[in-house]
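Last residue of the sequence shown: 384 (our numbering), numbering continuous.
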Amino acid sequence: MTNEWNGAPHLLCVQLGAPADVLACTPALRALRAQCPERRLTLLAAPAGAALAPCLPDVDAALAYAAPWTEGGIAATPGTHLDWISRLAAERFDGAVIFTRPGRSALPAALLCRLAGILLRAGWCRDDPSGLLTHWIADPEPGALRRHAVQRQLDLVRHLGAETADERLAFVPSNADAAAMRKRLQAAGIDPARRWLALHPGAGAQARRYAPQQWSELIAALHARIGCPFVLTGSARDLAALDAIATPLGAQVHVLAGEVGIGELGALLAQASLVVSSNAESTQLAAAVGTPVVSLLADPEYAPWQVPGRVPGHGIDGLDTLESTRVCDCVCSLLKQTETERIREAELE
């Protein structure tokens with residue numbers, strides 16, 4: 036098994052989930068690159084996931100595909116998907132590594148890759164893939180085993196002989212995005228070099244969204260304890276909810292959402308002292324740029340990965356209510372921890 040993959044210089048890496056799922060694959064992509072340094076990696080992802088590619092250092096090319104077995108591809112015509120078989124065949128990939136979340140089948144993507152003539156096909160699968168996967172790795176999830184999303188993907192490529200000592204997430208915003216975000220912060224009266232917090236109230240599922248009033252109470256508690264500026268981030272669909280968050284008296288709160296692209300959002304979070312996040316994407320993105328995270332989503336699959344972090348809630352749905360005191364305590368202790376570590380590192384230099 037290992038020898039076959041060692042000799043595969045052009046791989047298709049399939050992850051058709053959300054952007055958070057693509058980010059979770061970045062350490063595994065690093066491992067695949069290390070296995071064969073001259074290897075070329077092409078990402079096949081949903082349009083939102085493929086948009087991350089310019090900031091992913093181990094991705095050489097990206098293909099945005101709204102697969103028919105995903106929500107985004109339901110409306111596409113059959114001919115569109117048949118064209119994709121020809122398109123993938125023309126790339127002459129040596130192998131395909133199919134990354135999935137627990138409970139999601141790798142077999143539709145495996146069939147696509149087989150029809151495209153890709154000889155090596157690997158992925159997690161609970162049931163016998165009947166030849167659709169040449170390298171079938173039995174999937175223990177969902178079940179008694181519950182892994183972080185990053186660990187799941189690292190375990191997959193480890194079965195193919197690919198490993199890396201550096202298991203951090205990877206997302207590298209461009210210099211232009213970093214400069215643009217510095218200017219936006221300065222225009223809002225925020226010094227990027229001083230303490231400020233990014234708050235991301237949005238969440239994919241409505242059930243995991245906290246009411247604007249609860250965010251207002253949290254900002255008031257943080258303002259009383261810390262007194263630094265706050266930046267609210269989110270997508271265009273979050274704007275109405277962000278506008279409904281009342282600014283406590285005396286607090287410096289700014290909204291940078293809607294028109295900010297994924298590269299700019301990564302650059303913004305990279306400059307924050309700390310991120311308070313209620314969804315997987317911003318939690319993963321903050322970790323990928325090395326910023327400490329307080330995650331209100333208590334799902335262990337998307338806990339802060341290899342960065343200082345706190346998870347104040349319990350259970351997969353996190354806190355039932357946004358408990359300002361508990362979250363505020365987590366923020367303050369995490370800030371103290373990271374600033375102590377920064378002082379210690381400066382003393383050692």
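For each residue, glycine too, the CB sits at the ideal point set by N, CA and C. Remember, predicted model here, so these are calculated numbers, not experimental data.
- When the beta-carbon positions are compared, residue 235 and residue 311 come within less than 9 Å of each other.
- Only residues of its own chain outside the window of five on either side were considered, and among them 184, 185, 188 and 319 have a CB closer than 7 Å to the CB of residue 59, listed in chain order.
- When DSSP states are grouped into helix, strand and coil, residue 291 belongs to the strand group.
- By the C-beta density criterion, residue 72 is exposed, having fewer than 16 other C-beta atoms within 10 angstroms.
- Under the 8 Å Cβ criterion, the region 242 to 259 does not count as touching the region 96 to 109, having fewer than three qualifying pairs.
- No Cβ-Cβ contact shorter than 9 Å links residue 136 with residue 190.
- If you draw a straight line from the Cα of residue 231 to the Cα of residue 83, it comes to about 28 Å.
- Between the region 155 to 172 and the region 250 to 262, the count of Cβ pairs shorter than 8 Å is below three; the stretches do not touch.
- Between the alpha carbons of residue 81 and residue 379 lies a distance of about 42 Å.
- Remark: C-beta atoms of residue 90 and residue 206 approach each other more closely than 9 Å.
- In the three-state scheme derived from DSSP, where H, G and I count as helix and E and B as strand, residue 307 is classed as coil.
- For residue 207, no beta strand (DSSP E) run applies, since DSSP gives it neither H nor E.
- Cβ contact annotation for residue 134 (same chain, cutoff 6 Å, sequence separation greater than five): 50, 60 and 188, in chain order.
- Here residue 161 has 174 as same chain residues with Cβ atoms under 6 Å from its own Cβ, once five neighbours each way along the sequence are excluded.
- For the pair residue 266 and residue 70, the CB atoms are not nearer than the 9 Å cut-off.
- For residue 92, same chain residues with a beta-carbon under 7 Å away, outside a window of 5 residues either side, are 205 and 207 in chain order.
- Linking residue 115 to residue 108 through their CA atoms gives a straight-line distance of about 10 Å.
- If you keep only unbroken alpha helix (DSSP H) runs of at least 4 residues inside the region 204 to 282, you get 210 to 222, 247 to 260 and 274 to 278.
- When secondary structure is reduced to three states using DSSP, residue 325 falls in the coil class, being assigned neither helix nor strand.
- The Cβ atoms of residue 295 and residue 268 lie closer than 9 Å to each other.
- Straight through space, the alpha carbons of residue 322 and residue 282 are spaced by roughly 27 Å.
- Residue 341 carries a coil assignment under DSSP once its states are collapsed to helix, strand and coil.
- Under DSSP, the beta-bridge partners assigned to residue 50 are 80.
- Judged by DSSP secondary structure, residue 157 falls within the beta strand (DSSP E) whose first and last residues are 155 to 160.
- In chain order, 185, 189 and 202 place their CB closer than 6 Å to the CB of residue 62, counting only its own chain and leaving out the 5 sequence neighbours on each side.
- Contact annotation: residue 369 and residue 332 have beta-carbon atoms that are not nearer than 9 Å.
- In the structure shown, residue 302 adopts helical secondary structure according to DSSP, grouped into three states.
- Around the C-beta of residue 68, 16 or more other C-beta atoms lie within 10 Å, and the residue is accordingly described as buried.
- Around the Cβ of residue 38, a 10 Å sphere holds fewer than 16 other Cβ atoms; the residue is exposed.
- Secondary structure note for residue 88: it is in no alpha helix (DSSP H), with a DSSP letter that is neither H nor E.
- Residue environment: residue 180 is assigned as exposed (fewer than 16 neighbouring CB atoms within 10 Å of its CB, all protein chains considered).
- In this structure, residue 40 and residue 195 form a Cβ contact; the two beta carbons are roughly 5 Å apart against a cut-off of 8 Å.
- The beta carbon of residue 156 is closer than 6 Å to those of 131, 145, 148, 168 and 169 in its chain, skipping five residues each way along the sequence.
- Assigned with DSSP and collapsed to three states, residue 170 falls in strand.
- DSSP, read as helix, strand or coil, puts residue 346 in coil.
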